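So the protein lines, in turn, are chains P and H.
If you count the first sequence from 1, position 174 lands on 174 in the numbering used here, and the numbers rise without skipping.
If you count the second sequence from 1, you need to add 1000 to reach the numbering used here.
This report concerns only the one structure given below.
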Amino acid sequence: MNCEEFQAFGLDAGTSRIKSAEEAAAADHAGKCAKCAALAESWDAARAELSLFGDATRNAETPARVQMRLLQELRAQKRPVEIYRRGGMIAAWGLAAAAAIFGVVSWQNWRTEQHRLKANKNNPAVSAVGAASQSGDYVIVADEDTGAFTPLPGALPVTSDDGSIYQVRMQRASLGALGLPVNQDGASDWINVDLLVADDGTPQGVRLHEDATESATLQ
Amino acid sequence: MKVPDERDDVLLRRAAKGDENAFTVLYQRHQASLYRYALRMTGSAWAAEEVVQDVFMTLIRQPKKYDANKGEVGAFLFGITRNRVMKHLDRLPRELSLELQSNSGVSKEPVDLLTPAVWAERRERVEQVRGAVLSLPAEFREAVVLCELEELSYEEAAERSGCPIGTIRSRLHRGRALLMARLELLRDVPRRATAGR
């Protein structure tokens, strides 16, 4: 080992950075070269002092207050995320609730509609009246006994629930007074009629009994 | 939940989601070495504290800055610390001379049963060495801190400094030479002062 190599490797003696063979060569060179020996001695003294400084700071740690500040920052960073998450949850629940309410209302409407249709099916007179009034095409045959109410001309479609039904006995000719065409052949016959009268007292429809003609004949 | 055994990158991911335990473990793993490096480089406990706090603040605010493909979390943290320290040294090159010795971060407690006089003498000497280390140019100082104080190998020191091994060896060589000269000078000052009386 020469002086240049000693300066490069020799001062690492006693550390893991130098191999034992190099260390032995450095020690050998220092034994022969006074300049390098003085350098090694000077460095040993400096290293001893450096180790004092190293030891004094070996166990140094960041003050605990730094960790507290950092945790506060971490919480502050986390908060907006939580707020967004909570807002998202609230929005999602709101949407779900709105969808549920919409579903329930729709289902109720559908059910009501179904009940209404079922009721109409059970009461064809009302549906016939409704259909006839909507189309404006009235087929009014006073002597035709359908078992359903025949709407009177000019009357609004009314269900039997909206008015009262009166059972009356009248001459067939009286139907003409209600605006219905009457067959003159049996105009004097007595018939039993169900008269549908609206809440305001105006007659809305008539329904002939099946035995109307017969009873009229009997009487 | 086995937080203490988790890898650093896993802890970082969890900390980024607000997991305080994960962050605490990650912090405890790295804070001391980063603080020591910053303290030995800046010579100021206050500056070292600021640097470490700044490093972990960056980790909290921008966790995505860490790229697992580029290295480990420890190396990433050291890289940020080094940058902060160098910025500090560039910004306040004269801070050392203005700073009180009581804020040097050097332990003031006697570690063993020394007499007050011996302890005071040793403490004074430590302060002188600290001053000598801090008087080195930043690159040389870093080489001395990493190789002599942190006792890293040349490879590790080169990796941390982001320079080739040859550069580290060269810097260490020059740093040692300067340090020896300054310490020799400091040793001679009291002697000369005494001799002058």
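Each residue gets a CB set at the ideal place from its N, CA and C atoms; glycine is no exception.
Source: prediction; values computed, not measured.
In chain P, what lies closer than 8 Å to residue i by C-beta?
i                    : result
serine 1153/H        : Ser16 and Arg17
phenylalanine 1023/H : Leu70, Leu71 and Leu74
Label residue i either buried or exposed according to how many other C-beta atoms from any shown protein chain fall within 10 Å of its C-beta, with 16 as the threshold for buried.
i                : result
asparagine 192/P : buried
leucine 1183/H   : buried
valine 129/P     : Its pLDDT being 46, under 50, valine 129/P is placed unreliably in this model, and the coordinates cannot settle the point.
isoleucine 165/P : exposed
threonine 202/P  : exposed
leucine 156/P    : exposed
glutamine 1128/H : buried
leucine 1172/H   : buried
proline 1137/H   : exposed
valine 139/P     : Unreliable positioning characterises valine 139/P in this predicted model, as indicated by a pLDDT of 39, which lies under 50. The coordinate reading is nonetheless provided below. Exposed, by the Cβ-count rule.
proline 80/P     : exposed
glycine 54/P     : buried
Find the residues of chain P that neighbour residue i, judging by a C-beta separation of less than 9 Å, and give them in chain order.
i                : result
alanine 1032/H   : Asn59, Ala60, Glu61 and Thr62
glutamate 1049/H : Thr62, Pro63, Arg65 and Val66
Give me the residue from the options with the minimum Cα distance to residue i.
i               : options                                       : result
valine 206/P    : Phe6/P, Leu195/P and Ala38/P                  : Leu195/P
glutamine 171/P : Thr202/P, Ser164/P and Val182/P               : Val182/P
alanine 56/P    : Trp1119/H, Ser1170/H, Arg1141/H and Pro1137/H : Trp1119/H
glycine 154/P   : Arg169/P, Gly179/P, Gln167/P and Ala173/P     : Gly179/P
lysine 35/P     : Ala76/P, Arg17/P and Glu4/P                   : Glu4/P
methionine 1/P  : Arg17/P, Thr15/P, Ala21/P and Ala100/P        : Ala21/P
alanine 60/P    : Thr1115/H, Val1144/H and Ser1033/H            : Ser1033/H
alanine 1015/H  : Ala8/P, Trp110/P, Gly176/P and Leu74/P        : Leu74/P
Please list the partners that residue i has in chain H, where partner means a Cβ-to-Cβ separation under 8 Å.
i                   : result
phenylalanine 102/P : None at all; the shortest Cβ gap to chain H is about 36 Å.
glutamine 77/P      : Gly1018, Ile1060 and Arg1061
Against residue i, what residues of chain P qualify as contacts under a CB-to-CB distance less than 7 Å, listed in chain order?
i              : result
leucine 1089/H : Those do not exist, as leucine 1089/H stays about 17 Å from chain P at its closest Cβ, beyond 7 Å.
What residues from chain H crowd round residue i, counting only those whose CB sits closer than 7 Å?
i            : result
serine 106/P : Correct list: empty, because the minimum Cβ distance to chain H is about 41 Å.
- [ ] Could you list the residues in the segment 1171-1183 of chain H with a C-beta less than 8 Å from some C-beta on chain P, going in chain order?
- [x] His1173, Arg1176, Leu1179, Met1180 and Leu1183
Task: chain P contacts from the segment 1119-1134 of chain H (Cβ-Cβ distance under 7 Å) - done: Arg1122, Arg1125, Val1126, Val1129, Arg1130 and Val1133
Open item on the list: Any C-beta of chain H within less than 8 Å: which residues of the segment 1-12 of chain P qualify?
Closed with: Gln7, Ala8 and Leu11
Open item on the list: Can you pull out the residues from the segment 1052-1063 of chain H whose beta carbon lies closer than 8 Å to at least one beta carbon of chain P?
Closed with: Val1052, Gln1053, Phe1056, Met1057, Ile1060 and Arg1061
Open item on the list: Which residues of the segment 1062-1087 of chain H have a Cβ closer than 8 Å to any Cβ of chain P? Give them in chain order.
Closed with: none
Open item on the list: Does the contact criterion of 3 or more C-beta pairs under 8 Å hold for the segment 1077-1087 of chain H versus the segment 1037-1054 of chain H?
Closed with: yes
TODO: Take every Cβ of the segment 1160-1167 of chain H, pair it with every Cβ of the segment 1051-1066 of chain H, and state whether three or more of those distances are shorter than 8 Å.
DONE: no
Task: Chain-ordered residues of the segment 24-54 of chain P with a beta carbon less than 9 Å from chain H - done: Leu39, Ser42, Trp43, Ala45, Ala46, Arg47, Glu49, Leu50, Ser51, Leu52, Phe53 and Gly54
Open item on the list: With three or more beta-carbon pairs closer than 8 Å as the criterion, would you say the segment 1011-1024 of chain H touches the segment 26-41 of chain P?
Closed with: no
Open item on the list: Closer than 8 Å is the cut-off here; do at least three beta carbon pairs connect the segment 1143-1158 of chain H with the segment 1025-1032 of chain H?
Closed with: no
TODO: Give a yes or no on contact between the segment 105-113 of chain P and the segment 1053-1063 of chain H, applying the rule of three or more CB pairs nearer than 8 Å.
DONE: no
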